[in-house]
Every structure is written in structure tokens, then in C-alpha cells.
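If you count by our numbering, then the sequence shown holds residues 1 to 231, one letter each, in order. Every residue, glycine too, gets a C-beta built ideally from N, C-alpha and C. One structure is given below, encoded as C-alpha cells.
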Amino acid sequence: MPQTPHTERHFTAGEVVRDVVIGMSDGLTVPFALAAGLSGAVDNSRIVVIAGLAEIAAGSIAMGLGGYLAARSDAEHYESERKREEREVEEIPDEEAAEVQKVFADYGLTREESVPVIAALTKKPKEWVDFMMRFELGLEEPDPKRAVQSALTIAGSYIAGGFIPLSPYLVFHSSREALAWSAAVTLLALGVFGYIKGRFTGSRPGRSALQTVVIGGLAAGAAFLIAKAIS
């Protein structure tokens, strides 16, 4: 009887989604809070637009640079740890073999069961180092293009998110009138974004949407009230 091939589908774009979440969440929240705060102080959309565009430019550069440096740091850490493992495999192979045995023991294998596997592994230095990196240190080799991709993804997501709360100020002259529309479209966007984020990350979409809306709304509300009180 023919069997249907078993096909596993796993979500493999976790790093990209993480970068989009970082950039989009801040891009929606920070310019929204800034625009709301300025609307509480001045009733002029032009000022809000100029300040908002400056913030989006500065924020996207800062966030993108932060993503780049974080990815570069991960790559440098991986290379440093790999060189250390290569040196230990060459200089103290017995201790490294004992560490391999401990890894297998943590997975429930007895010493007798793991000995032939360890013996085979120690004959292949590169694969031995690969094993230690993955199972002893829990490190995966990073994509060499990761740093640039992370920077561009975060920056682009920040810009895309930032223009959503700013768009009503491009239409209305009164910043107070624009604020109502900005709040409506931004909170809607936050809800949709939170829901989609929840679907991708495996959390409850409704709860994720609510959390995103509440956080964005609180940030904007606090900025508006502070600016209103000061002015």
C-alpha cells in the first residue's frame, strides 16, 4: 500500500520576522508618541510633519545600525568560540572527548552506547568542532550576510511603520484634527501588526494584538499629556 510522504513544514524565517517586529513596532510607536506629544503643544501639522520626518530618519538609522552591530557581534562571538574549540580539539582531545560523552549522557545515552560514536567523531576534526559548537555551546553558524540584511530590514520596517501615524498630518492643517485620525489609523495598524506577529511567533494572536495596541496607546497618551501640561 503506497504511503504518502511525510513532509514537515517549519517556519524558517525567524530572524527576518524578529527584525521586522523590532523595526515596525518602534516605527509605529515612537513617531506616534512624538506626533501626539507635539499635537498637545502646538496646533500646526507642518511642525509635526517636519519633526516626525526627522525622527523617522534618525530612528531608522539608529535602529538599523543597532541591528547591524548586534549581528556583527554574534558573528564575531561565533568565530571566537569556534577558534577556541578548534584549539582545544587539537591540544586537549581527551578532555573534549569527555565533554562529548557528557553531551550524550544528557540525552540519555550510556557510556557504552556513546563510545563508538565518540571514537568515530574524533577522527573527523571539523565535524567534531561542528558538534561541539552546536551541542555543547548551543551556537549556530550565522549567515555572513546577516548583518547587512538585519540593518536594512529593521530600518525599512521602521520607516514603513513611522509613516502610518504621520500620514494624517500630511492631509490636515490642524494637528489636533490630524491627531484623531492618526490615533485611529495607528491603533488599527498596531492591532493588525500585533495579530500578524502573534501568528508568526506562535503566541495567541488576539492577546498579541491587544498588548501591542495598549503599549502604543499608553506611550502616545503619556506623550500627549506631558506636552499638554508643559505647554
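Judged by pairs of C-beta atoms under 8 Å, the region 50–65 does not touch the region 101–109, as fewer than three such pairs exist. For Val-30, the enclosing alpha helix (DSSP H) has its first and last residue at 14–41. For the region 82–123, the continuous alpha helix (DSSP H) assignments of 4+ residues that do not extend past its boundaries occur at 93–106, 111–121, in sequence order. Bounds of the alpha helix (DSSP H) holding Arg-146 are 146–166. The C-alpha of Lys-126 lies about 18 Å from the C-alpha of Val-103. The way I'd put it, the region 154–164 doesn't touch the region 81–100; fewer than three beta-carbon pairs between them come closer than 8 Å. Taking all protein chains in view, the Cβ of Leu-225 is surrounded by fewer than 16 other Cβ atoms within 10 Å, so the residue is classified as exposed.
A straight-line Cα-Cα distance of about 9 Å links Tyr-195 and Thr-212. Distance from Leu-210 to Pro-31 at the Cβ level is roughly 21 Å; contact not present, criterion being Cβ atoms closer than 8 Å. As the crow flies, the alpha-carbon of Glu-81 is around 24 Å from that of Val-16. One alpha carbon belongs to Leu-179, the other to Pro-168, and they sit about 8 Å apart.
A distance below 7 Å between beta-carbons, with the five flanking residues on each side excluded, links Ser-60 to the following residues of its chain, in chain order: Ala-155, Tyr-158, Ile-159.
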